[in-house]
Amino acid sequence: MQVLFQAVNFGVIFFVLTKFLYKPIQKVLDERALKINDGLKAAEANLKAQSDLEETKKKAVAKARREAAKLVSAAEVTAKAKAAEVLKKARAEAKKEAEGIVNSAKASLKDQEKKMASSLKDLTIATTKKLLSDSLSAKEITSITNSMVKKLA
Amino acid sequence: MVKQKAQLRVANQLSASNLKTISKFVEKQVGKGTELVVKIDQQLIAGFKLTINGVEYDHSLSGSLERLAQVI
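Here the protein sequences line up with chains W and Z, keeping their order. For what it's worth, the working numbering labels the leading residue of the first sequence as 10, then goes sequentially. For what it's worth, the working numbering labels the leading residue of the second sequence as 3, then goes sequentially.
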């Protein structure tokens, strides 16, 4: 009888414990486990997102570096071409200027030569006239005049 | 009627025959009755220069030299 009573008592206690203690605790534990699981999933998702972000960042930095290198290379090529062009232009201008100076000098020299030749010619004529005036005798002058007059006849 | 004049510059005194030859030349160019004005000009060295109506006939040694200088 006592055993039966104890069995019924145990059953009642078991029922009460199960109904009012075990199930709520189990529910709380399940909810907590679910929360932890969700938290872990969220943490994993965050880690993955962070990892993806890092990867994207690395790729972006690498791409930016490549583009920067390309830009620098292009700028160097452009700068070299520009420098070569400027140098070529400067050389051409210097050559033109030098040619102008040489031509001007040549023209000046030619002009001086002309003036000297003209002066020399004038001097030669004047000297010849003077020499003839001083050296021709009256007879010779008459003779030359006679021959000049004959041309009119 | 105004008498025409011809200028004759000579290096030295001309002989009569030379003067006659020149007078004939002047007559041939502008007709008779032209007065010939003669001047001595030793700058000519030898020969003469005749100017008739603004036209100059240069037969002087000086002129010959100047023409030679222009050719050179």
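Glycine residues also receive a C-beta, built at the ideal position from the N, C-alpha and C atoms.
query, result
"Residue-level contact to chain Z via CB, W:S142, 8 Å cutoff", "yes"
"Same chain, Cβ closer than 8 Å to W:E149, five either side skipped, listed in chain order", "none"
"Closer than 7 Å at the beta carbon, the chain Z residues around W:K160", "H61"
"Counted within 10 angstroms of its Cβ, other Cβ atoms place Z:K51 as buried (16 or more) or exposed", "buried"
"The segment 26-36 of chain Z in contact with the segment 91-105 of chain W per 3-pair CB rule at 8 Å", "no"
"Under 7 Å from the C-beta of W:I110: neighbouring residues of chain Z", "What W:I110 touches in chain Z: nothing, since even the nearest Cβ is about 32 Å away."
"Nearest-angstrom Cβ-Cβ length linking W:L141 and Z:I47, presumed shorter than 8 Å", "5 Å"
"Limits of the unbroken beta strand (DSSP E) element including Z:S62", "57-62"
"8 Å Cβ cutoff, Z:A13 in contact with chain W", "yes"
"Residues that Z:E68 contacts on chain W, provided the C-beta gap is smaller than 8 Å", "I134"
"Candidates W:D131, W:K68, W:M10: closest to Z:A71 by CA position", "W:D131"
"Chain-ordered chain Z contacts of W:M157 [CB-CB under 7 Å]", "G49, F50, H61"
"Rounded straight-line distance, which links the Cα of Z:L63 to that of Z:R69", "10 Å"
"Per-residue burial, Z:Q28 [other beta carbons within 10 Å of its own, 16 or more giving buried]", "According to the sequence as given, residue 28 of chain Z is Val; it is not Gln. Answer is buried; the Cβ neighbour count reaches 16."
"Alpha-carbon to alpha-carbon, Z:L16 and Z:K41", "10 Å"
"Closer than 7 Å at the beta carbon, the chain W residues around Z:I74", "K130"
"Residues of the segment 89-121 of chain W whose Cβ lies closer than 9 Å to any Cβ of chain A, in chain order", "No chain A is present in this structure, whose protein chains are W and Z."
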